[in-house]
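The opening residue of the sequence shown carries number 1336 in our numbering; numbering runs sequentially from there.
Everything below concerns the one structure shown next.
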Amino acid sequence: MQRQHSFDQTELGTLYLVPTPIGNLQDMTFRAVDTLKKVDLIAAEDTRNTQKLLNHFEVETKQISFHEHNTAQRIPQLVEKLLNGDSIAQVSDAGMPSISDPGKELVAACIEHDIPVVPLPGANAGLTALIASGLEPQPFYFYGFLGRKPSFQKQELTALANHQETLIFYESPHRIAKTLVNMIEIFGPQREAVLARELTKKHEEFLRGTLVELQEWATVDNVRGEFVMMVAGNDVEEVDESLVDLSPIEEVVHLIEAGESTNNAIKRVAKRRQINRQDLYKEFHEI
């Protein structure tokens, strides 16, 4: 077992994990700015991008690049500096380090060498979108980016199809429509979902509806911005084997005879069979 007292005096340096704004610079915390000013070095995913942030807050600390393509080279260098007493702030382009961004390998290396790792709270796109989505906020299952190949993506979605937690994904604008098509195939067209884009920025937008409604929007609209995709958990009830051979209308009748109200029976059958509730309502009432 390893025990870390984050703020004990030590001859070692400290690795600070510093979140950065996901869009609005005013979301940078006072503590985050102060930390960036006090450390000896900033390990940045993209030094050019981070320099804009540093200029805005008048931070003069030196940077070094640290991204997915130079991890093997950089980690020994950074660990050596920390062992020699230098403190380092690690930042990604936006949001939390290690959350769909570089960071986890450096954290693991620091823990292995008993170097203190101190996380700062701050902006996170997934949670920011979730609390305004209207979907169940807990429990949730954060997945991040799905695989790019359609076949692999379908395998991932199939493994997630029966999760009862709200699912959170990240997706780019040029892949969003195809990802929604795959979700419709695996999750069903009527699963509730929410798309959030341009979070904390001037054109922040939430789109709420079924997967098929969102896919239709993504097909015709000029899609821009990085997306957080949230999909309601699977709350479809277990199939009663005695109902398998019944038509949807016959199943509604069966539930009504068992004591369900008409509207509840229609709602349950539509959800379980992944069909449109209004269409089933009209068919049942012969409208």
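Built from N, CA and C at the ideal position, the CB exists for glycine as well.
Remember, predicted model here, so these are calculated numbers, not experimental data.
Practice prompt. Determine, using beta carbons only, whether V1563 and A1407 come nearer to each other than 7 Å.
Written response: no
Item to complete: Put L1352 into one of helix, strand or coil per three-state DSSP.
Response: strand
Worksheet item: Quick one, are the C-beta atoms of P1485 and V1558 less than 7 Å apart?
Response: no
Worksheet item: Along the chain, where does the alpha helix (DSSP H) that runs through I1434 open and close?
Response: Looking at the DSSP string, I1434 is not in any alpha helix (DSSP H), and its letter there is neither H nor E.
Worksheet entry | Beta carbon of F1475 nearer than 7 Å to that of A1496 | no
Practice prompt. Following the continuous beta strand (DSSP E) through T1545, name the residue where it begins and the one where it ends.
Written response: 1540–1545
Discussion item. Please list the terminal residues of the continuous beta strand (DSSP E) segment that includes A1531.
Written reply: 1527–1532
Worksheet item: Helix, strand or coil: which one does DSSP assign to F1342?
Response: coil
Fill in: Cβ neighbours of V1587 in the same chain (closer than 8 Å, five flanking residues each side left out)
T1597, A1600, I1601, V1604, L1615, F1619
Discussion item. Threshold first: 4 residues or longer. Then list the alpha helix (DSSP H) segments lying entirely within the segment 1456–1481, N to C.
Written reply: 1460–1465
Item to complete: Report the residue from K1536, P1472, E1471, A1464 whose alpha carbon sits nearest the alpha carbon of L1530.
Response: A1464
Worksheet item: Can you name the start and end residues of the beta strand (DSSP E) that E1506 belongs to?
Response: 1501–1506
Discussion item. Could you tell me the alpha carbon to alpha carbon distance between K1617 and I1584, rounded to whole angstroms?
Written reply: 11 Å
Item to complete: Going by CA-CA distance only, name the one from R1607, R1532, Q1473, L1352 that's closest to S1582.
Response: R1607
Practice prompt. Kindly give me the distance between the Cβ atoms of Q1337 and I1446, rounded to whole angstroms, as I take these residues to be in contact under 8 Å.
Written response: 7 Å
Discussion item. If I follow the unbroken alpha helix (DSSP H) through P1411, where does it start and stop?
Written reply: 1406–1418
Discussion item. If distances are taken between C-alpha atoms only, which option among I1622, P1356, Y1351 comes closest to Q1372?
Written reply: Reading the sequence as shown, one finds Lys at residue 1372 and not Gln. Out of I1622, P1356, Y1351, Y1351 has the C-alpha closest to the C-alpha of K1372.
Worksheet item: For D1362, which residues from the same chain have a beta carbon less than 7 Å from its beta carbon, with the 5 sequence-adjacent residues on both sides left out?
Response: P1356, A1458, T1535
Worksheet item: Which residues in the same chain have their Cβ closer than 8 Å to the Cβ of L1455, if we skip the five residues on either side of it in sequence?
Response: Y1351, L1352, V1353, P1354, T1364, R1366, A1367, T1370
Fill in: Boundaries of the beta strand (DSSP E) in which P1454 is found, first to last residue
1452–1454
Worksheet item: Do the CB positions of I1503 and M1565 come within less than 7 Å of each other?
Response: yes
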